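K.L.:
This structure is in structure tokens; I'll ask about it shortly.
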Amino acid sequence: GENVEQHPSTLSVQEGDSAVIKCTYSDSASNYFPWYKQELGKRPQLIIDIRSNVGEKKDQRIAVTLNKTAKHFSLHITETQPEDSAVYFCAASRGDYKLSFGAGTTVTVRA
Amino acid sequence: GAGVSQSPSNKVTEKGKDVELRCDPISGHTALYWYRQSLGQGLEFLIYFQGNSAPDKSGLPSDRFSAERTGGSVSTLTIQRTQQEDSAVYLCASSLVEGEGGYTFGSGTRLTVV
Chain A
1 GENVEQHPST LSVQEGDSAV IKCTYSDSAS NYFPWYKQEL GKRPQLIIDI
51 RSNVGEKKDQ RIAVTLNKTA KHFSLHITET QPEDSAVYFC AASRGDYKLS
101 FGAGTTVTVR A
Chain B
112 GAGVSQSPSN KVTEKGKDVE LRCDPISGHT ALYWYRQSLG QGLEFLIYFQ
162 GNSAPDKSGL PSDRFSAERT GGSVSTLTIQ RTQQEDSAVY LCASSLVEGE
212 GGYTFGSGTR LTVV
């Protein structure tokens, strides 16, 4: 089955700086890669996703890049703000079902 | 409904008791998933339902765990003879099409086995 590894497990950044989270996946057939944000005590929420026919996708201050050859994808958050503090999960699937999640990255934005 | 609804939000049970967790997906969503999130951990896949197809039960950790989905809508996750290691947040999610467009998660049921 699919195995997704996520790094780092914790990330502390100064407000206004950028944050980068990286994930690798094992199944070369995976073609759908979403990112979820989970604030403390709340449900995970989809923030951005990318499919394997696209190398990069951007939505305001967040962007995701995908390298299919290397089987890794990354989340980039620019101009971080305190409300960006949360746990972020990457995931991968073949686009049919059953997302496999990374272990999560706890991001803390220091004011 | 407007979102994925789970009940109860919190459940404390004694070791050895059975518990039932309920999930009401978004109306029209054909795919329904159960995940487990232990304290400070990632999301562990448990089971997946898609329409009238046989469910994918490959993530259920033991035969004490079972789930059903009635009428292609509401799902119930049952844990028999609960153990302390079953303590976790149980998250349900649904999607319109298998995997596509991402999941919408419910708020979860926090299960504590004492």
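Listed in order, the protein sequences are those of chains A and B.
Residues in the first sequence are numbered from 1 upward in steps of one, following the numbering used here.
Residues in the second sequence are numbered from 112 upward in steps of one, following the numbering used here.
Even glycine gets a Cβ: it sits at the ideal position worked out from N, Cα and C.
The structure displayed is predicted, hence computed values, not measured ones.
To which residues does DSSP link GLN38 of chain A through a beta bridge?
P.N.:
A:VAL87
K.L.:
Whole angstroms are fine: how far does the CA of LEU66 of chain A sit from the CA of ASP59 of chain A?
P.N.:
Distance between the alpha carbons of ASP59 of chain A and LEU66 of chain A: 15 Å.
K.L.:
Measuring only the C-alpha atoms, how far is ALA165 of chain B from LEU143 of chain B?
P.N.:
12 Å
K.L.:
Less than 8 Å separating the beta-carbons of THR10 of chain A and THR105 of chain A?
P.N.:
yes
K.L.:
Please report the residue range of the beta strand (DSSP E) in which THR24 of chain A lies.
P.N.:
In the DSSP assignment, THR24 of chain A falls within the beta strand (DSSP E) that extends over 19 to 25.
K.L.:
I want to verify the contact list: residues of chain A whose CB lies under 8 Å from the CB of ASP167 of chain B, in sequence order.
P.N.:
TYR97 and LYS98
K.L.:
For a quick check, are the C-beta atoms of TRP145 of chain B and TYR201 of chain B less than 8 Å apart?
P.N.:
yes
K.L.:
Name, going along the chain, the residues of the stretch 141 to 157 of chain B whose beta-carbon falls closer than 9 Å to a beta-carbon of chain A.
P.N.:
ALA142, TYR144, TYR146, GLN148, GLY151, GLN152, GLY153, LEU154, GLU155 and PHE156
K.L.:
What's the call for LEU119 of chain A, buried or exposed, on a 16-neighbour Cβ count within 10 Å?
P.N.:
Since the first residue of chain A shown is 1 and the last is 111, residue 119 of chain A is not available in this structure.
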